[in-house]
Every structure is written in structure tokens, then in C-alpha cells.
Amino acid sequence: MTDGAKATTGQDDSMAEPGENASAEIGAAVRAVLADPAGERAQIPTLLAALDAGDQESRLSAAWALTLVATANPDLVEAIARRLADRLVADTRQLETRHTLGYLRGRYPDRVDGVLEDLAEEADERDRRRRYLELSQGFARSDYVGQPERNRDVGRTQTPAEAGSPGPQRVYREEGEAVAGPPEDTRGDDARDRLADEPDGTATDAEDGETADEAVEADVEDTDAPRSPAAQRREQAAELAAVADTVGLDRIAANSRFDELQVVSRGIDGRFATVYRTRATVDGSEDGVALGLFDPPEDGAGFEASVANQLENWAAVSDHDGVATLYDWGTDPSLWMAAAFTAESLYDRLDLSLDEAIWSGRRVAEAVAAIHQRGVVHAGIDPYSVVYTGTTIANRQRPLVSNVGLLTAMRMYVDPASLLDPRFAAPEYFDRAYGAVDHATDIYQLGAVIYYLVTGRPPFQGTYGEVRTGVLESTPPLPSEINPEIPAWLDDVLGTAMAKQKLTRYETATQIARELERRAVE
Numbered sequence: 001m002t003d004g005a006k007a008t009t010g011q012d013d014s015m016a017e018p019g020e021n022a023s024a025e026i027g028a029a030v031r032a033v034l035a036d037p038a039g040e041r042a043q044i045p046t047l048l049a050a051l052d053a054g055d056q057e058s059r060l061s062a063a064w065a066l067t068l069v070a071t072a073n074p075d076l077v078e079a080i081a082r083r084l085a086d087r088l089v090a091d092t093r094q095l096e097t098r099h100t101l102g103y104l105r106g107r108y109p110d111r112v113d114g115v116l117e118d119l120a121e122e123a124d125e126r127d128r129r130r131r132y133l134e135l136s137q138g139f140a141r142s143d144y145v146g147q148p149e150r151n152r153d154v155g156r157t158q159t160p161a162e163a164g165s166p167g168p169q170r171v172y173r174e175e176g177e178a179v180a181g182p183p184e185d186t187r188g189d190d191a192r193d194r195l196a197d198e199p200d201g202t203a204t205d206a207e208d209g210e211t212a213d214e215a216v217e218a219d220v221e222d223t224d225a226p227r228s229p230a231a232q233r234r235e236q237a238a239e240l241a242a243v244a245d246t247v248g249l250d251r252i253a254a255n256s257r258f259d260e261l262q263v264v265s266r267g268i269d270g271r272f273a274t275v276y277r278t279r280a281t282v283d284g285s286e287d288g289v290a291l292g293l294f295d296p297p298e299d300g301a302g303f304e305a306s307v308a309n310q311l312e313n314w315a316a317v318s319d320h321d322g323v324a325t326l327y328d329w330g331t332d333p334s335l336w337m338a339a340a341f342t343a344e345s346l347y348d349r350l351d352l353s354l355d356e357a358i359w360s361g362r363r364v365a366e367a368v369a370a371i372h373q374r375g376v377v378h379a380g381i382d383p384y385s386v387v388y389t390g391t392t393i394a395n396r397q398r399p400l401v402s403n404v405g406l407l408t409a410m411r412m413y414v415d416p417a418s419l420l421d422p423r424f425a426a427p428e429y430f431d432r433a434y435g436a437v438d439h440a441t442d443i444y445q446l447g448a449v450i451y452y453l454v455t456g457r458p459p460f461q462g463t464y465g466e467v468r469t470g471v472l473e474s475t476p477p478l479p480s481e482i483n484p485e486i487p488a489w490l491d492d493v494l495g496t497a498m499a500k501q502k503l504t505r506y507e508t509a510t511q512i513a514r515e516l517e518r519r520a521v522e
């Protein structure tokens with residue numbers, strides 16, 4: 001069906017709306033966790049079962065809540081990881097389950113890798129053993145995206161005009177409403193039936209009389225005696241050598257600007273690619289590099305060319321000191337990128353003073369302005385794409401804007417809800433009536449990130465459906481209502497940046513940077 005036909009019929013191919021019949025019990029469990037992640041361990045069985053729910057809102061909400069519970073209760077990480085891995089081995093299409101396990105693995109790599117290796121050793125069937133091993137080696141990317149819907153673009157993507165002058169912001173309206181969410185459910189009625197197993201309709205994995213902790217930890221068995229340090233080093237060296245061979249590291253190095261590349265850690269399943277921490281050598285000098293390997297979807301005709309075009313755009317703007325460096329990229333033996341290794345994202349930094357938060361917001365705004373002045377749209381600004389190198393002890397470490405333009409390319413092939421935190425998404429990501437995703441979208445999401453910097457919380461919170469409704473129909477609390485130390489002028493700046501209608505937002509990111517600089521010293 002052509003784009004014109006879709007507009008005529010009202011068919012919408014952006015983020016899909018969650019099902020309207022999401023369980024009230026699941027919603028209550030998620031809200032309880034959001035209010036007290038450390039004290040709501042009893043919600044874990046409900047949240048695990050909700051990952052199999054037939055409606056998308058329940059799965060997304062449960063995934064968020066599980067990561068909060070695990071982060072607040074690190075002693076449960078291994079138990080939760082084991083249950084998540086069991087689900088993925090049974091059905092690799094569970095996108096939300098994979099994202100949850102990927103997050104835990106990124107935050108607690110040793111714990112989760114240990115669980116996955118133990119599960120592989122325990123597995124009796126050869127196929128199950130292979131699947132657990134795939135998970136422990138960075139997740140099977142071919143299973144990661146499942147069967148994504150095509151043409152997820154929200155309207156047309158526009159680039160800003162010449163440097164410093166974005167030009168008029170024309171709103172494109174198309175028939176049909178674009179909402180956010182994961183791909184259409186492909187698991188049929190069996191998954192939905194799990195939510196109806198209990199007489200009261202509440203999803204739970206706990207047996208009668210069993211506490212939540214017992215239900216989660218029941219499958220966790222004692223590990224084998226620890227191996228000697230020398231044996232562990234030999235095993236790790238052999239494993240990394242096998243990883244290097246699997247990813248074609250020698251061919252990548254031969255086609256790159258680097259003299260040599262050496263893998264120093266297992267792959268981590270990131271938002272956009274499987275990422276390997278590597279040691280890169282150029283003219284005798286070594287640097288830490290994040291090597292990202294993309295995996296095109298099976299029906300992703302044009303994927304490589306589209307992503308490569310955005311990588312070229314990122315490389316063109318990475319000479320700015322506020323943009324994370326993209327050293328190189330290529331397509332042999334498959335699509336890859338080599339970016340500066342960053343130790344943290346903004347999600348990891350919530351201890352900023354107000355002065356430092358405003359300073360950081362200005363620096364991010366300056367980087368976004370530089371990106372726009374080169375005619376590039378980021379499209380996916382949220383705390384995950386604001387990163388820090390973590391290599392300095394300076395009081396103020398400059399934040400870097402990363403993943404430039406990748407969402408523009410990949411949202412056509414992978415559900416945007418898996419590549420952008422919806423709590424920071426602009427209204428046009430949810431409803432096409434607000435127009436195309438363009439530089440004005442970056443203005444809104446820049447404002448949302450600064451909101452997070454100064455308040456320590458996203459503009460909108462709650463379940464997926466509540467977030468979507470909030471973005472489209474209400475305004476977030478004023479920053480000064482959250483923190484009385486925040487000046488009223490900052491309420492005004494962020495209110496303008498995050499205006500629902502594009503034409504009432506700031507025209508440029510430079511305006512935001514100048515406001516933050518000028519008003520902060522008054």
C-alpha cells in the first residue's frame with residue numbers, strides 16, 4: 001500500500017497504540033512500583049507474567065517496572081534475569097522481555113552473564129543450550145527485532161534550513177492518529193491466556209502460599225565452586241578471541257582508520273546495535289572505542305543504506321566538542337560503527353546541583369544547535385543519548401550528544417518505542433496531527449532533557465498509556481513546583497521549548513542555550 005493510500009484509509013504505521021484492555025491489576029502493580037521500587041518486591045510475579053500480556057501497554061509498563069525493582073533490589077537481579085532468559089529461550093520474539101534483560105545486563109554484566117552461563121550448562125536440550133549461549137554472547141540480534149512492522153515513519157522527516165535559520169516550520173497533517181508502542185503482538189492468544197489463569201484475573205507466577213521472593217528465587221540454584229583466577233583469565237581470553245572471530249574484527253580493522261582493534265569485553269545489546277568495548281590502536285596510541293554492529297531486519301531492504309547515510313551525518317558533526325565522536329563506520333563485513341567509548345549516560349547522573357544542571361543543559365543545547373546548523377536532525381534526544389566519558393575528575397564534565405540521527409533511519413525498520421524513551425518523546429511521535437519529526441522535535445526533546453536535568457525526573461511519569469495521554473493532553477508540573485530553588489524564568493524557558501504545537505516552540509536550540517547562559521548569571 002502506498003503512503004497516499006495509507007493516508008486515505010487512515011492507517012497508521014508509527015508507534016502502535018497499546019491495547020485498551022490492559023489489566024487493571026497490572027496497572028496497579030506498575031504504579032505501586034513507581035511509587036516505591038524498593039518496597040514492592042511482591043509485585044515481581046505479576047510484572048513477569050505481564051511481559052506475556054496480549055496488550056502492548058501492559059508489556060511496556062511491566063518492563064519499566066521490573067528494571068526499577070531490580071535496580072532498587074540488586075539482590076534480586078540474578079533471579080529476575082533467570083526468569084527473563086527462560087522466557088526468551090521459549091519465545092525469542094518477546095521484545096519487551098529482551099529489552100528488560102538487556103538493561104539488566106548492561107547495568108549488572110557480571111551477574112547476568114553468570115546467570116546465562118549457568119543456564120546454558122544446565123540446559124538439557126541442545127537447542128535450548130544454544131539459545132542460552134547466544135544470550136550470553138550479546139543476544140541473538142536476528143531474534144532481537146523479531147518481525148518489525150515496516151514504514152514506521154511519523155510523517156515526513158524535515159531537516160532545518162541553512163545554518164542559524166531553520167526557516168518556517170510547516171506542520172504536515174495526515175489522516176489517522178500516530179501513537180507510540182511496541183510492534184504488533186505476534187504471539188497469538190496463548191500469551192494473553194496467561195493473564196486469565198487466576199480466578200480474579202490477576203497475572204501471577206507465584207504458587208499458593210508462596211511469597212514473591214520465593215517465587216522469583218525458586219529457580220536459582222547454587223553455583224559451582226569458583227574457578228582459579230588463572231583459569232578464568234584463560235577462559236576469558238579464549239572467549240574474547242572467539243568473539244573477535246565471530247564479528248570479523250580483522251576485516252573491520254582492515255577497512256577502518258585503525259591499525260588494530262582488540263575486543264576487551266563481551267557484546268552488550270544496546271538500543272541501536274550490539275556494542276563491544278574495544279581497544280583501538282592508531283600510530284602507536286591506544287584509545288577505548290565502542291564498536292557497534294548493526295543487524296538488519298530480515299525484510300529490511302534499504303536498511304544498510306539508510307543507517308549508513310545517518311552515520312555519515314553523525315561523522316560530519318562529531319567535530320563539535322559537545323557531540324560524541326564517531327571515529328569511523330563501514331559496511332564490511334557488515335554494517336558497523338566505531339564511536340568514542342562512554343562510561344555513563346544522563347540516566348546515571350542524578351546528583352547534579354542546580355547550577356551544574358543548568359550548565360549541562362546549556363552545553364547540550366549548544367551541541368544540538370551545532371547539529372542543526374549542519375542540516376541534521378537528531379530525532380531521538382533523551383537521557384540515553386546524552387553521555388559522559390567518565391575519564392575525568394573535573395567538577396564539571398561536559399555532556400556529549402550521541403546516536404545522532406540513528407532514530408531517523410531505524411524507526412522505519414524497528415519500533416520507535418524501543419529506541420526512544422516515550423517519557424521524553426514530542427507530541428508528533430504520538431499523533432501525526434502535530435506534524436512531521438524534524439528539528440522542532442529536537443527542540444521539544446531538548447527541553448524535556450533539561451527538565452530532567454534540573455528536576456531529576458521525566459516530564460511525564462506513569463504507565464505507557466498515562467505517559468502518552470499526558471504528552472498529548474496535559475502539561476507537566478512546573479519545575480519550580482518540584483524544586484522551589486528552580487527560578488521562575490526556567491519554568492518559562494522549558495514551557496516554551498516543550499510547547500505542544502511546534503510553531504510556539506523556540507525556533508532554534510541556540511535560543512535555548514543563550515537563555516540559559518544569560519538568565520543563569522542575572
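Per full-length UniProt numbering, residue 1 is the first one in the sequence shown, and the count goes up by one each step. For each residue, glycine too, the CB sits at the ideal point set by N, CA and C.
| query | result |
| --- | --- |
| Whole-number beta carbon distance between A367 and V323, since they are thought to touch under 8 angstroms | 5 angstroms |
| Contact the segment 298 to 315 vs the segment 257 to 270: 3+ CB pairs below 8 angstroms | no |
| Status (buried if at least 16 other CB within 10 Å, exposed otherwise) for D348 | exposed |
| With 16 other Cβ atoms within 10 Å as the buried cut-off, status of S353 | exposed |
| Selection from V69, E25, L51 and E57 that minimises the alpha carbon distance to A35 | V69 |
| Contact check, R107 vs L51, beta carbons under 8 angstroms | no |
| Sub-8 angstroms separation of H372 and T508 beta-carbons | yes |
| Cβ shell of T510 (< 6 angstroms), same chain only, five flanking positions each side left out | A369 |
| Near the ligand ZN: V449 beta-carbon under 7 angstroms from a heavy atom | With respect to the ligand ZN, the structure offers nothing, as it holds no ligand at all. |
| Endpoints, the alpha helix (DSSP H) within which Y464 is located | Y464 to E473 |
| Neighbour-count burial assignment, Q94, 16 or more Cβ in a 10 Å radius | buried |
| Nearest-angstrom beta carbon gap, R396 and A513 [assumed within contact, 8 angstroms] | Wrong, their Cβ atoms sit about 16 angstroms apart, outside the cutoff. |
| Reduced DSSP secondary structure (H/G/I, E/B, other) of D283 | coil |
| Which of helix, strand or coil DSSP assigns to G292 | strand |
| E344 - DSSP class collapsed to helix/strand/coil | strand |
| Residue environment, E184, which counts as buried when at least 16 other CB atoms sit within 10 Å | Model confidence at E184 stands at a pLDDT of 35, short of 50, so the residue's coordinates are unreliable; what they give is reported in the following sentence. Label assigned to E184: exposed. |
| For V376, the three-state DSSP class (helix, strand or coil) | coil |
| Cβ contact check for the segment 73 to 88 and the segment 96 to 111: 3 or more pairs under 8 angstroms | yes |
| Stretch pair the segment 468 to 478 + the segment 373 to 382: three plus CB contacts closer than 8 angstroms | no |
| Opening and closing residue of the alpha helix (DSSP H) in which D351 lies | Careful: D351 lies outside any alpha helix (DSSP H) and carries neither H nor E. |
| Contact between the segment 484 to 501 and the segment 446 to 454 (3+ Cβ pairs under 8 angstroms) | yes |
| Where A49 falls, given that 16 or more other Cβ within 10 Å makes a residue buried | buried |
| Segment limits, beta strand (DSSP E) that includes Y327 | L326 to G330 |
| C-alpha gap between M412 and R468, whole angstroms | 21 angstroms |
| Counted within 10 angstroms of its Cβ, other Cβ atoms place G390 as buried (16 or more) or exposed | exposed |
| Whether L516 touches A357 by CB criterion (8 angstroms) | no |
| Residues bridged to Y444 [DSSP beta-bridge criterion] | In the DSSP output, where bridge partners are listed per residue, Y444 has none listed. |
| Interface flag, L76 vs chain C, CB-CB below 8 angstroms | No chain C is present in this structure, which holds just one protein chain. |
| Distance, Y384 Cα to Q310 Cα | 18 angstroms |
| For A339, the residue or residues it bridges with in DSSP | A290 and L326 |
| Anticipated Cβ contact below 8 angstroms, P479 with T455, distance rounded | 5 angstroms |
| Distance CB(A29)-CB(L47) smaller than 8 angstroms | yes |
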